[in-house]
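Residue numbers (the working numbering): 1 to 245. For every residue, glycine included, the Cβ atom is placed at its ideal position computed from N, Cα and C. For reference, the structure discussed in these notes is given below.
What follows is the structure, given as structure tokens:
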């Protein structure tokens, strides 16, 4: 016998599906890996929009999209860092060697976004855009704030989009730069790089102790036939301290 679903059962099933979708969305927001993927895609979109500045497709609508996407990227980087950094701090406080791939990925994607912010600042400064007509058409019917300000100051309020945008970009660049510096403190460093740096420091200290003739050691008593490759390939090693920036 075929059973028919009552309206109550259909309603309860739809409510269950709604709660399931909401729970999955909340879990995705709390997942750092998912957030980093979203930041990566937003940075790629931000870069594509910057390419069109100064081109035939440039206009007030494009500048507004660039502004909104830039703010979304900044907030996403800050919120994702709040998911990653507390775990690293707690692990280090407990003396546990922590290795977080999410922190490494967030560091590099934030670094890429910081470079795009520098590019955006230069483009806005070199190629300004008149946004007065765009914001006049987008203003609501009751612009009471600007009206009161105009009456009190006895002059009309004409916001300068380019100056405000440059100030906002500088502020965002400072915040992302501070975030990158904070993430760099927890970046992993390979043991090979540490040993190489210590060895180079010891060599420099030993070489700077004697100003006269060098003391003979067991490496100076080499045979008379030097190897051709012995002094050539030492220039291939990295002699600088590792820096992630």
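Exercise. Can you tell me which of 33, 67, 36, 32 puts its alpha carbon nearest to the alpha carbon of residue 49?
Key: Out of 33, 67, 36, 32, 67 has the C-alpha closest to the C-alpha of residue 49.
Practice problem: In the DSSP assignment, find the unbroken alpha helix (DSSP H) run with residue 182 in it and report its ends. | Solution: Per DSSP, residue 182 belongs to the alpha helix (DSSP H) from 161 to 184.
Self-check item: Identity of the residue in 185, 133, 132, 113 nearest residue 41 by Cα
Solution: 113
Quiz item: Among the residues of its own chain, which have a CB less than 8 Å from the CB of residue 133, if the five just before and after it don't count?
Solution: 60
Practice problem: Starting from residue 65, trace the alpha helix (DSSP H) both ways and give me its first and last residue. | Solution: 60 to 93
Self-check item: DSSP-derived helix/strand/coil call for residue 48
Solution: Looking at residue 48 - three-state DSSP - the assignment turns out to be helix.
Self-check item: 8 Å contact criterion, which residue 53 and residue 127 should meet: CB distance rounded
Solution: 6 Å
Exercise. Can you give me the start and stop residues for the alpha helix (DSSP H) that residue 128 sits inside?
Key: Per DSSP, residue 128 belongs to no alpha helix (DSSP H) and is neither H nor E.
Self-check item: Cβ pair residue 288, residue 116 closer than 7 Å
Solution: An answer regarding residue 288 cannot be provided, because it is not within the stretch 1 to 245 covered by the chain.
Practice problem: Could you round the C-beta distance between residue 120 and residue 176 to whole angstroms and report it? I think they count as a contact, below 8 Å. | Solution: Not a contact, Cβ separation roughly 12 Å.
Quiz item: Do you know how far the Cα of residue 174 is from the Cα of residue 163?
Solution: In this structure, the CA atom of residue 163 is about 17 Å from the CA atom of residue 174.
Quiz item: Contact check, residue 180 vs residue 87 under 8 Å by CB: the rounded distance?
Solution: About 18 Å; that fails the 8 Å criterion.
Quiz item: Any heavy atom of the ligand COA closer than 6 Å to the CB of residue 99?
Solution: Questions concerning the ligand COA fall outside what the structure shown contains, since it holds no ligand whatsoever.
Quiz prompt | Own chain partners of residue 123 with C-beta closer than 8 Å, once the 5 adjacent residues on each side are dropped | solution = 50, 53, 54
Quiz item: Considering only the beta carbon of each residue, do residue 80 and residue 35 sit closer than 7 Å?
Solution: Yes, they are a contact pair.
Quiz item: With a CB to CB cut of under 7 Å and the five nearest residues on each side skipped, what residues in its chain are close to residue 172?
Solution: 70, 74, 117
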